[in-house]
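Since the structure comes first, as structure tokens, the remarks are kept for the end.
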Amino acid sequence: MPPDTYFEESAYVGEYRDGSGWYVDINLWYPDGESDLTLQLDIRKRGNHLAFIIDDLHVL
Numbered sequence: 000m001p002p003d004t005y006f007e008e009s010a011y012v013g014e015y016r017d018g019s020g021w022y023v024d025i026n027l028w029y030p031d032g033e034s035d036l037t038l039q040l041d042i043r044k045r046g047n048h049l050a051f052i053i054d055d056l057h058v059l
């Protein structure tokens, strides 16, 4: 597992200019260390809820 601070420091998060949500790239981990996979998410505001959409899974 990654260290506790990993998600705060290592994820790339950008906000859409229209304020409708965020796009996120984050490296994934195996139980024994960091993997070669990057998860690409789209997080959209839907009223009082958030919709999480998996856009892609990149292999480096």
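Numbering (numbering that gives the first Met the number 0), first residue to last: 0 to 59.
A virtual CB, placed ideally from N, CA and C, is assigned to each residue, including glycine.
Are the beta-carbon atoms of G13 and Y22 separated by less than 9 Å? Position 14 of the sequence shown, counted from the first residue, corresponds to residue 13. Position 23 of the sequence shown, counted from the first residue, corresponds to residue 22. Cβ distance < 9 Å, so G13 and Y22 count as in contact.
Which of the three DSSP states is assigned to Y29 in this structure? Counting from one through the sequence shown, the residue named residue 29 turns up at place 30. Assignment of Y29 by DSSP, reduced to helix, strand and coil, places it in the strand class.
Quick check on this structure: which residue in L36, S19 and Y29 has the alpha carbon closest to the alpha carbon of F51? Taking the sequence shown and counting its residues from 1, the one referred to as residue 51 is at position 52. Of the listed residues, the one whose Cα sits closest to F51 is S19.
Thinking just about the alpha-carbon of each residue, which of P2, Y15 and S34 is nearest to the one in L56? Position 57 of the sequence shown, counted from the first residue, corresponds to residue 56. Nearest C-alpha to L56: S34.
Give the DSSP-derived three-state secondary structure of S19 in the structure shown. What you label residue 19 is simply residue 20 of the sequence shown in a count that begins at 1. S19 falls in the coil class under three-state DSSP.
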